[in-house]
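Numbering (full-length UniProt numbering), first residue to last: 1 to 1269. Even glycine gets a Cβ: it sits at the ideal position worked out from N, Cα and C. It should be emphasised that the depicted structure is a prediction, and the values quoted were computed from it without experimental measurement. Report on one structure; see the data block that follows.
This is the structure we're talking about:
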């Protein structure tokens, strides 16, 4: 029932990029279809050829909301902000999962026609989406597409509806223009005649230039009536596709929701849709809405009946399943695999191979039979190799993305096993089936509980617990939002994530006691589907280097044409035969234009990827390798990245009621156990000690899997410190709408036997039951609240207790003021200054507590009026490589910052310990002295953390002179202040971004070294702001909190066990930051290698062009075997040593393979302060290159003149029918040019400071020795 995503391309879309499949195996996606040369680089190589789409949702559980990307340096580069925005759309329009900018006639930017339907991401994000989706330039998508229709509107065409629309795809962060067309009969006849009359040449040209094809064949048509459409995105990528039509026969509201008729009072306005009109663009479905006259993205559909978890448990019937399958398609993430004939056509008719075919014909006409046959055989081998590699790559990705299994589904009230491909939204299936290893779709957990591994999404290897959805979950479910909110994520089952454990509920009054899930999204609409799309269709990197290479080819084409004209004039002067004139002149073009140049630019990247893989660093975006060579700043997460993931507990300090201060550090759990005789402590003190111990034993998110505890490393270390045992409870269905987690058999914590009797009964009653603490209710950790809590009851007692642990800063909000010790702030500052991580604990006793009462208690009720207990102090040890790596980065003039959610003082201490912040310089921390973070008129004061007498100006962030009474001889005096750095909290960062002048924001970004208490979204935004001031920014992290920043960064490196986590372009399986300088070194080496290849290709063309031009002067030329010697015997052995046999077998590639030998050398072991240039047309590159060309030309000119003075000189005899190759000029120029080719490889082989010396490149040395011999 489901249409292949590019089936519509068969009409006119078998054209190059127009068919939308190029990213599957083409090399680069950063080009338009407007130039042959822009397509040349797409003949070969990899599957993943660009950066991942940065807007894609990753995981989710850590994101509070998503920041607008309107100011991102990687999005909407061709758009300009509009000053005037149209009035806000209605709420009903707001619910659409896209931004649709109404009727746009091509070539026009009529602001009055803007009609935005913003993504359903919540009211807070509405203006962000509007700003983003309404930005464009006069040369943008709708302005460039089909300019001949710029003055045409639907009315002028006599149509009844719009002929085009602009759509903003929120999840893809992509703007597209859709234009409707019908095939013109007159144009179709003209097309056929042109193809026949030109022997297929017109078909080939229109294949390369699909815009011309649209102009010839297309007749603009309203979207409601068109047969096919043109889709163009903001990157200039072009696609033609048919409009798919399916019989439906149901009301419009069943697809587009009841909101579409919210303003209508009559059912007549909810018409029956007899035929669905659908587009499938990049595996995203868009359905045509007759009322709005637009194609609507279909990724946020929610059944209006999904209001109660109990109500949806009945599933759907077969009839409903059939209708929904028509709309949603099969539940498969199945990538279309091109057939061998289609791949062959795409490869053979690529401009590169067409150029080679024309060259073969030309050489055959010129009687260069040996050379032509050799090139033909190699071309055949190259095409065969490419087809095999492409099929293997596509098959491998298809195996990764496609998943199908049997699932137990409730249909028509009966359980049955069906293939997972038949699941549709609304289906209910069993999660606790032992044969189910991963979730086949996105869904909501309805009953039971699960522990899942989401490392595929986040790179986070810590298992995540999932609990049943509530009524509140169903009401808040928003499938059109770019990310799943944290409140929903704890109940949300993501497609493709692995099931670590799934348990049935203990009892189920409504049916079988099985764990159930509701299917909410299927196929490519799932989170996994979005990630697969991000790999198939990466966002172009916009790296200037590649664009410049195509410009260079264009310049060379101009030179070739000049040479063609000059040789034509010369041959006419010599009165050669016409067939010889044409053949010789055209042959000059094949020499000058290097069609394989774009592919040579990837040689260095390929070698770098292989070396990185050997070092356990994996990359799914090869173009990011070169970008790594240009990094200016690197951001690091703290815990698990700079410091050890597993924290060690230094001890516990409890508030003493007797002294009003903290006790000494208690480093053994036995010291927290109250004494039986009570002589050493009073009852109040014992109560505090017990509360601290019970908090550590119960307030955590640990789960038991295969008799082992799994969960957050901090919770795990804390619980292990107590030496208690833990038995996880059994989940049941929820009893109340507002509960988070219910349990008939609660989780139980038991003390070790060594002090079990002591804790059993402090009153000395030895007959009381053993101590067991049952967890009646858990409130999970929320990053905004920065705390977690549990409601606990001791078995055998009617009373209960609430235990809370969280950041020390939040304790003041929830605890009674009289419960804090007088040295609270002093001790907190002391430990955080020393780099320790401090967790605060609090408790409250409730005289009567039942299970039902616990379930009905609100979180804000539980976490209020508490009594402060004490601090748990963790040691945050640095990883062994951290300090040395940061020192290496600083020595190479690469800045580094720490971005963490931890306390700012702890972060500063760790930063100084690892040399990220200078130990002898001032570090200034801001605080609000007027207003608060949400007040635009608030004021900040920047104080030195070590000497509060030193301040920064709040207007300029420049140091202010200290007061006169400050002793200038003290450490950190004003003489050292020029090296100052800034440490900023998340709330200050947010205030500066929102309200501070741009100069303050920029100076904070430049001087900031520590960013603490940063939410995941603020980490993401920090990266974008750094990019906004021109930095090439990297990010290295290890957890779910870092996903947004990892994707936004120019180079994101995830420390994860997953070999190719989609959380970041790079994934390191070595869990330290040593991978960062490795990636930078390889990036620099790859970038330098790419430039060397470019220079060599240019020099090669100039050398051979010069040789042939001199010989043309006397109607001579190089011979067949001379060309073979240069291309095969001179270059091919080096190519073999370079592991590029297949690439060397390409026609004309042999001639350029000398460039690949330089790629054998690895990166220079030491990072230099110098950075390689990325500007191909800079003076630094062009002046030396032109100078080398001039030297080579001059040497050949001198030899050409000198040989005529020799006594053995044999002048060429002009043959009007055939070139004379037996003469002294031919021999001398051939020999000289051979040495120039070899010496060019030596001269252009870059070495230190970016690559190893040529002396260490054994293959390079060996090959050149053999060449000289």
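Just list the residues that DSSP pairs residue i with in beta bridges.
i	result
residue 774	748 and 793
residue 453	498
residue 866	815
residue 1187	DSSP lists no partner for residue 1187.
residue 849	Paired residue(s): none; residue 849 is not in a bridge.
residue 802	791 and 844
residue 1055	1068
residue 898	636 and 1010
residue 939	930
residue 951	943
What is the rounded straight-line gap between the Cα of residue i and the Cα of residue j?
i	j	result
residue 184	residue 531	39 angstroms
residue 853	residue 452	30 angstroms
residue 1105	residue 377	25 angstroms
residue 1270	residue 905	Limits of the chain in this structure are 1 at one end and 1269 at the other, which puts residue 1270 out of reach.
residue 722	residue 750	10 angstroms
residue 480	residue 301	7 angstroms
residue 665	residue 312	53 angstroms
residue 556	residue 440	53 angstroms
residue 886	residue 1035	13 angstroms
residue 220	residue 369	50 angstroms
residue 802	residue 652	19 angstroms
residue 285	residue 812	51 angstroms
residue 907	residue 282	43 angstroms
residue 1089	residue 1172	10 angstroms
residue 635	residue 899	7 angstroms
residue 271	residue 357	57 angstroms
residue 1115	residue 1167	53 angstroms
residue 934	residue 913	33 angstroms
residue 1082	residue 631	12 angstroms
With a threshold of 16 other CB atoms inside 10 Å of the CB of residue i, please say whether the residue is buried or exposed.
i	result
residue 579	exposed
residue 560	buried
residue 624	buried
residue 186	exposed
residue 412	exposed
residue 338	buried
residue 554	exposed
residue 1216	exposed
residue 197	exposed
residue 1011	buried
Does DSSP put residue i in a helix, in a strand, or in coil?
i	result
residue 578	helix
residue 176	strand
residue 1215	coil
residue 430	strand
residue 296	strand
residue 1318	Missing from the structure shown is residue 1318; the chain here goes from 1 to 1269 and no further.
residue 1210	coil
residue 248	strand
residue 1290	With the chain running from 1 to 1269 in the structure shown, residue 1290 is simply not present.
Check whether the Cβ of residue i lies closer than 7 angstroms to any heavy atom of the ligand SAH, and answer yes or no.
i	result
residue 230	This structure simply doesn't include the ligand SAH, nor any ligand for that matter.
- Message: Under 8 angstroms: do the segment 1092–1100 and the segment 569–579 share three or more Cβ pairs, one atom per stretch?
- Response: no
Legend entry - Stretch pair the segment 783–793 + the segment 855–864: three plus CB contacts closer than 8 angstroms: yes
### Message
Is it the case that the segment 864–880 contacts the segment 699–710, given that we only count it when at least three CB pairs across the two stretches are under 8 angstroms?
### Response
no
Is it a yes or a no for the segment 1195–1210 touching the segment 914–924, going by three-plus beta-carbon pairs under 8 angstroms?
-> no
> Between the segment 517–530 and the segment 326–333, do three or more beta carbon pairs fall short of 8 angstroms?
Replying inline: yes
Q.
Counting beta carbon pairs with one atom in the segment 685–692 and one in the segment 709–720, are three or more of them shorter than 8 angstroms?
A. no
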